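> Residue numbers are given in UniProt numbering: position 1 of the sequence shown equals residue 1, and the series is strictly consecutive. Ideal Cβ positions, reconstructed from N, Cα and C, are used throughout, including at glycine. From a predicted model like this one, the values you see are computed outputs, not experimental measurements.
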Amino acid sequence: MTEEQNASAELRERFLNFSEKFEGNNVVAQLYAKNVMHVKFLALQGGGNHYAVEGLKTPTGVMDHAVLRTCDTMFISMPFEAPSESK
Numbered sequence: 001m002t003e004e005q006n007a008s009a010e011l012r013e014r015f016l017n018f019s020e021k022f023e024g025n026n027v028v029a030q031l032y033a034k035n036v037m038h039v040k041f042l043a044l045q046g047g048g049n050h051y052a053v054e055g056l057k058t059p060t061g062v063m064d065h066a067v068l069r070t071c072d073t074m075f076i077s078m079p080f081e082a083p084s085e086s087k
């Protein structure tokens, strides 16, 4: 593999490892349409184009499960807890 391919593979692996941290956690997702959603992140599609959420609140009601496009999403965040120090 070329250096560029190695770098791309490493970035992809980091992205997938990081996205696994979201799974099963409550997150805040902001779409480009300025909609802010508080949902539970379920899974990221293999290609990274879509992600599944639970408890999506819309003007017409709450959707138990939904699939959103990553290209419509500005960011996804979740609370971060630093590891506690052992004494």
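(1) Whose C-alpha, out of Phe18, Gly55, Thr70, Ser8, is nearest the C-alpha of Tyr32?
(2) Buried or exposed: which applies to Ala29, given that a residue is buried once 16 or more other Cβ atoms fall within 10 Å of its Cβ?
(3) In chain order, what residues of the same chain have a beta carbon less than 6 Å from the beta carbon of Thr60, not counting five sequence neighbours either side?
(4) I need the DSSP call for Gln5, collapsed to helix, strand or coil.
(5) What is the residue span of the beta strand (DSSP E) that Glu54 lies within?
This is what the structure gives:
(1) Thr70
(2) Flag for Ala29 reads buried.
(3) none
(4) helix
(5) 50-58
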